[in-house]
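What follows is one structure encoded as structure tokens, with my remarks underneath.
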Amino acid sequence: FSWDYFTWYEAIEAVVTLIIFTLFGLVFSWALSRYAHKWASRTDNEYDDLILNAIRPLVTRELILCGILITLQNTSFIGSVITQAGTSLAQASMIVVAIIGVQQLITNLIEEFATKPQSGPDEDFQVSDLIDAKVLPFWRRVFNVLIVSFGALFVFQAIGVQISPLLAGLGIGGLAVALAIQPLLSNVIASSFMLSDSSVRVGDLIEIEGGIFGTVDDIGWRATRVRTFDNNIVMIPNATLSNSTVTNFDSTDRAADARLMVGVAYEVDLEHVESVCQSILKEIQEDFPDITVSGRDPVVLFTAFGDSNIDILLKIRAKTLADSYTIKHELVKRTHGRFNKEGIVINYPARRLILEEGDTGGLVRPV
9 FSWDYFTWYE AIEAVVTLII FTLFGLVFSW ALSRYAHKWA SRTDNEYDDL ILNAIRPLVT
69 RELILCGILI TLQNTSFIGS VITQAGTSLA QASMIVVAII GVQQLITNLI EEFATKPQSG
129 PDEDFQVSDL IDAKVLPFWR RVFNVLIVSF GALFVFQAIG VQISPLLAGL GIGGLAVALA
189 IQPLLSNVIA SSFMLSDSSV RVGDLIEIEG GIFGTVDDIG WRATRVRTFD NNIVMIPNAT
249 LSNSTVTNFD STDRAADARL MVGVAYEVDL EHVESVCQSI LKEIQEDFPD ITVSGRDPVV
309 LFTAFGDSNI DILLKIRAKT LADSYTIKHE LVKRTHGRFN KEGIVINYPA RRLILEEGDT
369 GGLVRPV
């Protein structure tokens, strides 16, 4: 091409346009840094600072790219092919810059919202008290994948790629992938729900339907590890755990009852038995104040007429389930010793046989 008057005019106009947009972006960034940040620093939370920190470089870059885009669209001397390619590239760059800015903003907001104390009646309250920290990386990945996916579609559209066939292919491929990794996805989703609602947490003592009993050692994306009292690690898929009946002994109140069922002979004085049992339970409370709950009276209940004994339930409150085993151990020893000392009989299982006179033939009487 020849550099005539109009060519020089377009070139100068393009340079001036680009300079104006660049200066405008720099001035806008300076104004936000100088004035908006002063206003934001007076507030009690950090959210406005995070938003301003994300907006300032984002708007500056977008204005510069916008100047390049307008310059390319109004410049004819470089050729239509270069103009079209440059325009598409500038539009795609604007979308990419916007995606990066939004992605960073959402990530920072999630981190700030979940880990920093919130203003309100309870200044020490943190969202992380309600949401397990392990959930945050999962949701950050979810938001990042969604933002990048939608942004990629806009980028393809900006550079002239037809996205309709791409969406159709992704739909079919996504269905195949979803079917292939369905067990893994079910475990990941189950783990996110367990972590978010804190139904099962690391360190909780749980009992799972089927007999698994132990302490939660770790909650992963695929499986939960439970450490039994034999110090064995049991791996339970999260989907299986979420669909099972789980007893969590540490969910609200960690205190647990130490229970002992004992039977006494029908011939003994029940008032005396009750007094002795109350004395045993009171002694245990006094001797083990660190593992028993004070202010809660022990319980002695006559529950049933058994085959050989009158059944009694002895119950005392321990601070934890592990402490209840220690209390029960001591309760068995002391009950046995006191009953022997007081002459309270615990019968062995026995049956009384009533025979007709004619059915006693062949029986030998003991000498």
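For the sequence shown, position 52 matches number 60 in this note's numbering, and the numbering has no gaps at all. Ideal Cβ positions, reconstructed from N, Cα and C, are used throughout, including at glycine.
Pairwise C-alpha distance: Thr253 and Gly211: 18 Å
Option nearest Val272 by Cα separation, candidates Val353, Ser41, Arg233, Ile63: Val353
Classification of Val284 by the beta-carbon crowding that lies within 10 angstroms, buried from 16 upward: buried
Reduced DSSP secondary structure (H/G/I, E/B, other) of Phe310: strand
Pair within 7 Å by beta-carbon distance, Leu26 and Thr79: yes
Cβ contact (3+ pairs, closer than 8 Å) linking the segment 265–280 and the segment 227–242: no
Glu282 at chain D interface by Cβ criterion, 7 Å: Absent from the structure is chain D; it holds one protein chain and no more.
Residue range of the unbroken alpha helix (DSSP H) whose run includes Ile288: 278–295
For Glu70 and Ala106, believed in contact at Cβ under 8 Å, the rounded distance: 7 Å
Close beta carbons around Arg267, own chain, < 6 Å, minus the five adjacent residues each side: Lys323
Secondary structure of Ile76, DSSP reduced to three states: helix
Cβ separation of Ala198 and Asn240, assumed to be a contact under 8 Å, to the nearest whole Å: Not really, about 23 Å apart at Cβ, beyond 8 Å.
For Thr30, the nearest candidate out of Ala19, Pro65, Leu60, Ile59 (CA to CA): Pro65
Helix, strand or coil at Phe237 [DSSP, three-state]: coil
Beta-bridge partners of Phe221, as assigned by DSSP: Glu215
Close-in-space but distant-in-sequence residues of the same chain around Lys290 (CB under 8 Å, 5 per side omitted): Pro306
Pairwise C-alpha distance: His337 and Thr248: 34 Å
Assigned secondary structure, Ala326 (DSSP; H/G/I helix, E/B strand, else coil): strand
First through last residue of the alpha helix (DSSP H) which encompasses Leu268: It is not in any alpha helix (DSSP H) - Leu268 instead sits in the beta strand (DSSP E) that spans 264–272.
Three-state secondary structure assigned by DSSP to Thr260: coil
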